[in-house]
Ligand code: GLA
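Numbering (my numbering), first residue to last: 12 to 388.
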């Protein structure tokens with residue numbers, strides 16, 4: 012856990028609240044290798060956690076009934092009465108306060124004494140970059156509060172509780188992928204997470220797999236209507252096909268989409284059906300260590316996100332194009348909710364550091380791209 016070391020976080024907490032933390036919890040960010048915009052349709056996704064973490068130090072406060080939160084990065088502090096309803100908004104604190112509100116609703120007994128809570132947060136998961144910074148804060152907060160108040164939850168229960176917090180208090184109708192992988196995936200392994208059965212299967216990382224993540228510099232907020240629209244379109248498309256979800260449509264081998272279907276619904280359906288098929292093929296490719304095929308599937312996924320679902324942006328498209336033309340790159344695509352955020356580049360572990368530098372060097376001056384992660388396995 013390199014950043015910041017526990018000692019720094021603990022002393023910041025003690026300085027801020029005048030009491031030492033009783034525990035420090037962590038939760039990582041994630042990169043989704045493939046399976047984008049299908050978690051809310053019950054699809055299987057294929058993420059991996061990254062070596063970037065949100066950290067929470069927590070203690071009981073002498074001021075009962077009040078939650079006090081301090082963010083080290085933002086140098087902001089706030090207080091919130093535990094019994095006061097949390098106002099939904101997209102301020103960073105809504106992830107923390109919303110998660111605590113959900114925990115209180117889930118296990119009121121644990122909060123019966125209306126304890127006061129002090130929380131100090133810090134995170135090196137870039138915000139709004141499609142790497143699950145919010146899920147990392149939610150899961151680290153939930154782990155801290157559960158640990159402090161003696162609440163027991165399974166990782167899936169915890170993930171679903173954090174997802175509800177995001178829906179209700181941050182206004183993002185996300186699927187379960189981010190919270191599930193952040194709460195469940197072991198470091199370094201890939202998690203094939205089935206968002207319908209809520210079961211995860213750990214896959215070994217293929218030998219020699221290198222990942223580079225490039226930040227487009229473009230920020231998005233998923234509480235904007237575009238993400239809502241894609242999710243709604245997938246639901247309406249499934250209904251138009253007479254199915255409960257696009258996962259069911261996929262399993263029914265639905266291949267004929269009515270010409271009368273509105274273009275947005277058709278785009279959502281074609282993307283979901285093709286992405287689910289790419290995930291199945293990717294799992295097989297990973298199992299046989301076939302990075303070349305996995306790379307081709309990533310390239311196809313980007314085309315579908317760009318042209319069919321239309322969730323990309325010009326900066327991401329240009330970075331992907333530059334990467335895809337580069338020797339040693341096996342595949343590249345936009346990751347996360349879209350409309351900005353990060354681009355994933357698949358390469359071999361030996362070549363990952365040089366390729367990351369070459370991509371940045373080849374970047375036109377009007378794109379403010381930077382390397383977020385070089386994961387050589
Ligand atoms: C965001 C959401 C996820 C998922 C992805 C797209 O990260 O939080 O639930 O829908 O977008 O795959």
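Here a beta-carbon is modelled for each residue, glycine too, at the ideal position from N, C-alpha and C.
Backbone CA spacing between residue i and residue j [nearest angstrom]
i: residue 357; j: residue 223; result: 7 Å
i: residue 349; j: residue 171; result: 22 Å
i: residue 407; j: residue 123; result: Absent from the structure is residue 407, since the part of the chain shown begins at 12 and ends at 388.
i: residue 329; j: residue 62; result: 26 Å
i: residue 153; j: residue 131; result: 13 Å
i: residue 125; j: residue 159; result: 13 Å
i: residue 42; j: residue 60; result: 6 Å
i: residue 201; j: residue 150; result: 19 Å
i: residue 220; j: residue 375; result: 27 Å
i: residue 271; j: residue 281; result: 14 Å
i: residue 307; j: residue 38; result: 31 Å
i: residue 138; j: residue 363; result: 23 Å
i: residue 155; j: residue 68; result: 7 Å
i: residue 143; j: residue 75; result: 32 Å
i: residue 140; j: residue 57; result: 18 Å
i: residue 81; j: residue 110; result: 15 Å
i: residue 162; j: residue 118; result: 8 Å
i: residue 381; j: residue 305; result: 24 Å
i: residue 96; j: residue 173; result: 17 Å
i: residue 343; j: residue 91; result: 43 Å
i: residue 166; j: residue 49; result: 21 Å
Where residue i falls: helix, strand or coil (DSSP)
i: residue 310; result: helix
i: residue 348; result: coil
i: residue 166; result: helix
i: residue 232; result: coil
i: residue 178; result: helix
i: residue 343; result: strand
i: residue 353; result: strand
i: residue 378; result: coil
i: residue 359; result: strand
i: residue 187; result: coil
i: residue 331; result: helix
i: residue 323; result: coil
i: residue 12; result: In this prediction, residue 12 scores a pLDDT of 47, lower than 50, which makes its location untrustworthy; no coordinate-derived value is stated.
i: residue 97; result: coil
i: residue 386; result: strand
i: residue 161; result: coil
i: residue 301; result: coil
i: residue 147; result: helix
i: residue 263; result: coil
i: residue 366; result: helix
i: residue 196; result: coil
Boundaries (first-last residue) of the alpha helix (DSSP H) holding residue i
i: residue 79; result: Premise fails: residue 79 lies in the beta strand (DSSP E), 77 to 82, not in any alpha helix (DSSP H).
i: residue 19; result: 17 to 28
i: residue 203; result: Counting along the chain, residue 203 falls outside any alpha helix (DSSP H), though it belongs to the beta strand (DSSP E) covering 201 to 205.
i: residue 114; result: 104 to 117
i: residue 373; result: Counting along the chain, residue 373 falls outside any alpha helix (DSSP H), and DSSP gives it neither H nor E.
Range of the contiguous beta strand (DSSP E) that encloses residue i
i: residue 210; result: 210 to 214
i: residue 41; result: 34 to 45
i: residue 65; result: 55 to 72
i: residue 224; result: 220 to 226
i: residue 90; result: 87 to 92
i: residue 288; result: Taken as a continuous stretch (DSSP letters only), residue 288 belongs to no beta strand (DSSP E), being part of the alpha helix (DSSP H) at 274 to 298.
i: residue 269; result: Careful: residue 269 lies outside any beta strand (DSSP E) and carries neither H nor E.
Bridge partner(s) assigned by DSSP for residue i
i: residue 140; result: Beta-bridge pairing links residue 140 to no other residue.
i: residue 127; result: 72
i: residue 256; result: Paired residues: none, contrary to the question.
i: residue 315; result: Bridge partners of residue 315: none, in fact.
i: residue 133; result: 66
Query raised in the report: Can you list, in chain order, every residue whose CB sits closer than 5 Å to a heavy atom of the ligand GLA?
Result: 47, 48, 50, 185, 186, 188, 189, 347, 348
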